[in-house]
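To start, the structure itself, in structure tokens.
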């Protein structure tokens with residue numbers, strides 16, 4: 174079984190690099206928007222950004238854009254497209270165990286996030302510089318748990334949505350509000366009370382807080398980290414149950 | 006609605022049986038799409054499931070592959086129960102599924118690598134055998150319909166399967182591609198591979214199958230070799246020709262007495278002779294002997310398509326029970342049973 178899983182994983186990793194949707198939303202879009210918005214507010218510490226260099230604020234925030242794009246767009250569209258076109262039936266008929274495809278997608282999603290994050294930091298470093306990590310274990314924990322949570326949400330959405338078009342529509346509707354309110358848009362202090370309240374309930378906001386606050390020394394964000402851990406556990410459990418059906 | 010499944014251990018399989026199905030029933034939304042199907046496939050046989058769309062052919066083979074769980078019935082495939090041992094069974098079956106695909110950007114050679122289990126056949130040799138070696142680096146999306154079907158055949162054969170299931174293999178193919186794919190399946194038959202072919206292209210079934218099983222509305226109407234089904238259910242052979250000026254009416258009387266002739270009609274200076282296939286040669290011999298060889302003689306030989314249409318029309322005319330009654334009235338229940346397939350509904354009605 175490990176052999177069939179290994180073959181599937183290798184093929185899926187190759188296909189990920191050939192998918193224009195992945196290259197656009199997971200690799201190009203976060204880097205491009207990070208460069209634009211990071212340069213929009215200057216580099217002087219700003220009270221609106223908790224007295225942090227705004228460019229550094231966005232460098233620390235934008236890893237979650239990669240996480241959101243992977244979980245809300247890349248994986249649901251990929252999985253729903255495979256199911257719609259009968260690719261999953263073909264894998265099943267060829268003897269690939271039911272769990273192997275979902276597990277391969279989980280690994281592919283995590284690899285995509287790691288690679289796109291490295292690209293983003295690689296581009297940010299010479300332009301804005303990389304802010305120093307204040308509590309690295311918390312940052313890494315937030316990054317890992319947030320990635321697992323959103324990749325599992327992606328697998329779950331992919332098993333629920335009936336077609337690639339539906340997955341794309343639902344994915345974009347979920348992604349852009351999360352993108353704008355959950356870390357990549359204005360900082361919480363720049364939002365109105367209602368928007369700030371809505372943003373505080375978004376899963377991507379919790380992931381962003383659990384990474385950005387300990388990274389920039391703004392706090393431990395323990396509550397957000399716990400919320401992300403619970404989300405990761407619940408989404409993984411639900412995705413595993415759906416994948417086993 | 007019975008959900009209880011018979012004990013598969015009760016199925017008596019011979020050494021040569023690859024597939025044994027008893028009383029298979031599958032419902033979609035409470036509507037039976039497969040309703041009491043019995044089916045046996047023996048080692049080395051090419052068996053075709055034929056019938057119109059919605060006859061239950063694909064659902065039957067999906068249950069055999071373990072892709073769908075039956076609501077009732079007992080199945081044994083290569084000694085395993087598809088409902089409970091699907092993960093052990095599927096690697097033993099080579100499948101070409103209806104309406105399925107591969108990832109668009111997966112290349113042919115990568116697909117072969119992906120679908121090659123441990124101990125697989127030489128993928129390059131199979132690609133060469135099926136005329137795809139030049140397309141090794143091509144993406145799946147760039148392949149023509151015929152190339153895709155040939156690739157699916159290659160993938161189905163990689164794991165040295167003991168049973169190959171092909172579902173609507175030639176659907177939507179142009180004549181050239183269809184011929185290539187049919188040649189590939191004929192090659193499988195010549196190699197002694199057991200093949201279960203699902204098709205509503207009856208020319209394919211007639212050309213390739215040792216035995217065909219005709220289905221309608223989830224039930225088996227009849228089974229046998231294509232020639233047996235044609236003999237049982239199709240209209241007779243028809244011979245037509247213009248009545249020669251030189252011929253006498255005695256010729257018509259002589260034709261009526263020819264072996265195999267059932268009916269001779271003479272109208273508007275044309276003669277129509279109906280009978281079984283033997284009549285074709287005998288009528289020809291009479292005409293030659295009489296020195297009245299017509300230049301416009303035409304012969305219509307019944308095909309499997311004619312047989313299926315006859316079978317379906319009879320079933321339609323009599324309703325479901327009539328379909329079974331039709332088979333039973335012709336004594337085909339026993340024939341079908343002997344051939345390895347019989348109508349469960351009919352057996353029940355008689356039993």
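Residue numbers (this note's numbering), protein chains in the order written: chain U, 174 to 418; chain Z, 6 to 356. For every residue, glycine included, the Cβ atom is placed at its ideal position computed from N, Cα and C.
Following the continuous alpha helix (DSSP H) through residue 142 (chain Z), name the residue where it begins and the one where it ends.
Taken as a continuous stretch (DSSP letters only), residue 142 (chain Z) belongs to no alpha helix (DSSP H), as it is neither H nor E.
Quick check on residue 106 (chain Z) - is its C-beta less than 8 Å from some C-beta in chain U?
By this cut-off, residue 106 (chain Z) is an interface position.
Just the C-alpha distance for residue 227 (chain U) and residue 309 (chain U), rounded to the nearest angstrom, thanks.
Computed Cα separation, rounded: 20 Å.
Look at the alpha carbon of residue 302 (chain U) and the alpha carbon of residue 211 (chain U), and state the distance between them as a whole number of angstroms.
The straight-line gap from Cα to Cα measures roughly 11 Å.
Could you name the residues of the same chain whose beta carbon sits closer than 7 Å to that of residue 247 (chain Z), not counting the 5 residues immediately before and after it, in chain order?
Excluding positions up to five away in sequence, the list reads 274, 275, 299 and 301.
Please classify residue 91 (chain Z): is it buried, with 16 or more other beta-carbons within 10 angstroms of its beta-carbon, or exposed?
The residue in question, residue 91 (chain Z), is buried, as its Cβ has 16 or more Cβ neighbours within 10 Å.
Just to confirm the assignment, what range does the alpha helix (DSSP H) spanning residue 268 (chain Z) have?
Note, residue 268 (chain Z): premise wrong, no alpha helix (DSSP H); beta strand (DSSP E) at 266-272.
Cutting at 7 Å between CB atoms, please list the residues of its own chain near residue 336 (chain U), excluding the five before and the five after it.
Once the five neighbours on either side are set aside, the close Cβ partners of residue 336 (chain U) are 253 and 257.
Straight-line CA distance for residue 334 (chain Z) to residue 57 (chain Z)?
In this predicted model, residue 334 (chain Z) has a pLDDT of only 27, less than 50, meaning its place in the structure is not dependable enough to derive any value.
Could you tell me which chain U residues have their CB closer than 8 Å to the CB of residue 95 (chain Z), listed as they occur along the chain?
Correct list: 265, 266, 267 and 268.
Give me the chain Z residues within the contact set of residue 188 (chain U), using Cβ-Cβ distance strictly less than 7 Å, ordered along the chain.
Those within 7 Å of residue 188 (chain U) in chain Z are 108, 110 and 111.
Compute the Euclidean distance between the alpha carbons of residue 259 (chain U) and residue 357 (chain U), then round it to the nearest angstrom.
Roughly 36 Å between the two C-alpha positions.
Under the assumption that residue 24 (chain Z) contacts residue 30 (chain Z) (Cβ atoms under 8 Å), give the Cβ distance between them as a whole number of angstroms.
Between residue 30 (chain Z) and residue 24 (chain Z) the Cβ distance is about 17 Å, and since that is not below 8 Å, they are no contact.
DSSP state of residue 380 (chain U), grouped into three classes?
Helix at residue 380 (chain U).
Please report the straight-line C-alpha distance between residue 222 (chain U) and residue 315 (chain U), rounded to a whole angstrom.
Cα to Cα, residue 222 (chain U) sits roughly 20 Å from residue 315 (chain U).
Answer yes or no: does any C-beta atom of chain U fall closer than 8 Å to that of residue 123 (chain Z)?
Yes, residue 123 (chain Z) counts as interfacial toward chain U.
Alpha carbon to alpha carbon, how far is residue 101 (chain Z) from residue 313 (chain Z)? Give it in angstroms, no decimals.
Residue 313 (chain Z) and residue 101 (chain Z): Cα-Cα distance of roughly 24 Å.
Kindly give me the distance between the Cβ atoms of residue 401 (chain U) and residue 319 (chain U), rounded to whole angstroms, as I take these residues to be in contact under 8 Å.
With 8 Å as the limit, residue 401 (chain U) and residue 319 (chain U) qualify as a contact, their Cβ atoms being about 5 Å apart.
DSSP beta-bridge partners for residue 33 (chain Z)?
Answer by DSSP bridge pairing, in chain order: Z:36.
So with CB distances below 9 Å, who are the chain Z contacts of residue 181 (chain U)?
Ordered by position in chain Z, the residues that pass the 9 Å Cβ test against residue 181 (chain U) are 119.
For residue 355 (chain U), list the residues DSSP reports as bridge partners.
Paired residue(s): none; residue 355 (chain U) is not in a bridge.
So if DSSP puts residue 228 (chain Z) in a beta bridge, which residue, or which two residues, is it bridged to?
Answer by DSSP bridge pairing, in chain order: Z:218.
Measure how close the beta-carbons of residue 321 (chain Z) and residue 184 (chain U) come, nearest whole angstrom, since I'm counting them as under 8 Å.
So it is not a contact: roughly 48 Å between Cβ atoms.
For residue 224 (chain U), which residues of its own chain have a beta-carbon under 6 Å away from its beta-carbon, when the five flanking residues on both sides are left out?
Around residue 224 (chain U): 218.
Whole angstroms are fine: how far does the CA of residue 193 (chain Z) sit from the CA of residue 157 (chain Z)?
Residue 157 (chain Z) and residue 193 (chain Z): Cα-Cα distance of roughly 14 Å.
Okay, do the segment 237-254 of chain U and the segment 343-358 of chain U touch, 3+ Cβ pairs below 8 Å being the bar?
Contact between the segment 237-254 of chain U and the segment 343-358 of chain U is present, because at least three Cβ pairs lie under 8 Å.
Consider the Cβ of residue 173 (chain Z): report whether some Cβ of chain U lies at a distance smaller than 8 Å.
So no, residue 173 (chain Z) is outside the interface.
Rounded to whole angstroms, what is the Cα-Cα separation between residue 22 (chain Z) and residue 48 (chain Z)?
Straight-line Cα distance between these residues: approximately 6 Å.
Could you confirm whether any beta carbon from chain U is found closer than 8 Å to the beta carbon of residue 70 (chain Z)?
True, the Cβ-Cβ gap to chain U drops below 8 Å.
So with CB distances below 7 Å, who are the chain Z contacts of residue 191 (chain U)?
Near residue 191 (chain U) (Cβ distances below 7 Å), the residues of chain Z are 110.
Identify the residues that DSSP records as bridge partners of residue 219 (chain U): which are they?
Its beta-bridge partners are U:225.
Which residue wins for smallest C-alpha separation from residue 153 (chain Z), given the options Z:319, Z:303 and Z:105?
If we check each option's Cα against that of residue 153 (chain Z), Z:105 comes out closest.
The segment 235-265 of chain U: which residues have C-beta closer than 8 Å to a C-beta of chain Z, in chain order?
Those would be 255, 258, 259, 260, 262, 263 and 265, in chain order.
Kindly indicate which three-state DSSP category residue 275 (chain U) falls into: helix, strand or coil?
Helix at residue 275 (chain U).
Between which two residues does the beta strand (DSSP E) carrying residue 172 (chain Z) extend?
Start and end: 168-172.
Can you list, in chain order, the residues of the segment 267-286 of chain U whose Cβ is nearer than 9 Å to any Cβ on chain Z?
Hits within the stretch, in order: 267, 268, 269, 270 and 271.
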